[in-house]
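Adding 50 to a residue's 1-based position in the sequence shown gives its number in the working numbering.
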Amino acid sequence: MKKLLMICGGQSSEHIISRMSCTSVLQNIHNDLYEITLVGIDKDGVWYLLKQNQDDLTKETWLDGSQKVDDIYGLLKQQDVVFPVLHGLYGEDGTVQGLLELANVPYVGCRVLASSVSMDKVYTKKILDTVGIPQVKSLYVKKKYDGQLVIIDSEFNEVTDIITTVKTQLGLPCFIKASRSGSSVGCYRCDTEGDLMNILNEASKYDRHIVVEECIDCIELETAVLGNDNPIVSRVGQIMPHGEFYTFESKYEDEESKTCIPALVDEKIQEEIRDYALKVFKAVDGHGLSRVDFFLDKKTNKVYLNEINTMPGFTKISMYPQLIADLGISYSDLIDQLIELAFDK
Ligand SMILES: Nc1ncnc2c1ncn2[C@@H]1O[C@H](COP(=O)(O)OP(=O)(O)O)[C@@H](O)[C@H]1O
Ligand SMILES: [Mg+2]
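Okay, here's the thing in structure tokens:
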């Protein structure tokens with residue numbers, strides 16, 4: 051039996067999603083193969099050894115009977131492998147991965163570089179531009195330490211006239227997103243010039259890096275990548291968000307938001323997307339798994355990369371395990387494979 055440490059919760063806006071994901075993993079894992087230790091990180095970043103045999107980590111009582119972890123490093127050193135089921139900042143962004151590297155313990159998922167690049171929408175775009183992955187037109191807005199917002203151009207010069215630049219280069223409506231965020235937190239659609247600065251200021255509460263993108267009337271398509279040096283890619287799944295766009299509520303609370311595998315789009319386009327997904331995974335030096343998301347422009351039929359998620363949602367309704375199941379790999383076998391992949395150094 052392998053000693054497996056599972057970590058959930060965390061300090062990001064996706065804290066509760068992580069607890070949902072971890073609950074699903076626990077419900078599906080081959081219990082006879084692992085000696086599981088469960089750690090929960092609360093929103094302040096405190097680590098707790100959780101009571102075992104919890105059937106639902108989303109309950110408010112999840113920390114009852116738990117024990118604060120004082121020696122995190124010591125705890126990590128005792129494990130054969132770690133599965134950080136964490137989404138967003140301080141979990142999916144390379145920070146926890148750095149800690150696991152320092153402790154020299156095998157862990158599930160992408161390494162430091164792939165995690166941090168993929169978490170940051172601004173830097174994902176910069177890297178993937180170099181390998182010719184199509185992306186929507188965008189601008190990088192940065193909040194300086196004195197609070198001033200500036201556009202950072204491709205040569206890292208500062209441009210102060212934000213409104214004119216957005217209007218001429220992207221047009222309105224546009225999308226404004228905190229760069230290192232997920233689950234649509236800090237993500238807004240901006241329809242009017244009058245709203246632009248307010249929304250940028252709002253987004254800047256979540257992150258100093260902000261992405262402004264042209265708005266695409268699109269179909270949202272997702273793929274699952276699994277592996278290390280020779281990754282496999284799933285078929286393409288389609289998101290059918292209910293509401294204006296795929297917001298936090300439509301992702302997790304709206305029963306009307308549906309998914310469909312395979313996507314209801316031309317097979318040639320699906321093949322194109324699957325090729326891009328593998329290229330994206332390789333370009334960021336992915337490891338283990340990633341969900342790679344795309345937009346298909348309804349007017350032009352052009353495909354664009356949206357983003358790469360290195361620790362995608364793992365709840366029972368999440369796209370990643372569904373796409374892998376479509377390949378004939380059950381949720382339980384997927385967990386085994388991910389843990390096996392963790393040991394490639
Ligand atoms: N440029 C865009 N044009 C149209 N819709 C967008 C655009 N960018 C984001 N969206 C909508 O917002 C959602 C969240 O954006 P995304 O970049 O995926 O952020 P997150 O990391 O929070 O998931 C998308 O799933 C999509 O519905
Ligand atoms: Mg997304």
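We treat Cβ as the ideally placed atom computed from N, Cα and C, and that holds for glycine. None of the values given here were measured: they were computed from a predicted structure.
CA-CA distance, residue i and residue j?
i: S191; j: D105; result: The sequence shown places Val at residue 191, not Ser. One C-alpha to the other measures close to 43 Å.
i: L396; j: I389; result: Residue 396 lies beyond the range of the chain shown here (51 to 395); nothing can be said about it.
i: L113; j: T297; result: 29 Å
i: Q102; j: L88; result: 7 Å
i: L152; j: V131; result: 14 Å
i: L76; j: T365; result: 11 Å
i: K194; j: H137; result: 26 Å
i: M369; j: G124; result: 35 Å
i: M70; j: L150; result: 23 Å
i: S74; j: T108; result: 11 Å
i: V330; j: D143; result: 17 Å
i: T309; j: E270; result: 10 Å
i: N251; j: I57; result: 33 Å
i: V119; j: V146; result: 15 Å
i: D211; j: E243; result: 13 Å
i: D82; j: L346; result: 43 Å
Under a three-way DSSP split, which group does residue i fall into?
i: Q77; result: helix
i: Q129; result: coil
i: K349; result: coil
i: I212; result: helix
i: A228; result: strand
i: H292; result: coil
i: V275; result: strand
i: R239; result: strand
i: C160; result: coil
i: Y381; result: helix
i: E263; result: strand
i: V302; result: Correcting the residue identity first, residue 302 is Tyr in this sequence and not Val. Three-state result, Y302: helix.
i: I311; result: coil
Within the same chain, show all residues whose beta-carbon is closer than 6 Å to that of residue i, passing over the 5 residues directly before and after it, in chain order.
i: G336; result: C160 and A164
i: V283; result: T273, V275, R324, A327 and L328
i: K217; result: none
i: I249; result: I226, Y238 and C240
i: D203; result: V209
Within 10 Å of its beta-carbon, does residue i have 16 or more other beta-carbons around it, so buried, or fewer, so exposed?
i: S62; result: buried
i: E85; result: exposed
i: H80; result: exposed
i: S380; result: exposed
i: L178; result: buried
i: P223; result: exposed
i: S68; result: buried
i: E321; result: exposed
i: V96; result: exposed
i: M51; result: exposed
i: D267; result: exposed
i: Q198; result: exposed
i: L60; result: This sequence places Gly at residue 60; Leu is not what is there. Its Cβ being crowded by 16 or more others within 10 Å, G60 is buried.
i: L139; result: buried
i: T360; result: buried
i: G115; result: exposed
i: I213; result: exposed
i: G182; result: exposed
Return the chain-ordered list of same chain residues with a C-beta closer than 7 Å to the C-beta of residue i, the five sequence neighbours on each side being excluded.
i: I311; result: R285, G287, Q372, L373 and D376
i: G148; result: V162
Can you give me the Cβ contacts of residue i inside the same chain, cut-off strictly under 8 Å, excluding the 5 residues immediately before and after it?
i: Q219; result: K187 and L189
i: Q129; result: K53, L54, L55, T87 and V155
Task: Complete beta strand (DSSP E) runs within the segment 323-372 (minimum length 3 residues, chain order) - done: 338-347 and 353-359
Task: Start-end ranges of the alpha helix (DSSP H) lying completely within the segment 77-150, minimum 4 residues - done: 122-127
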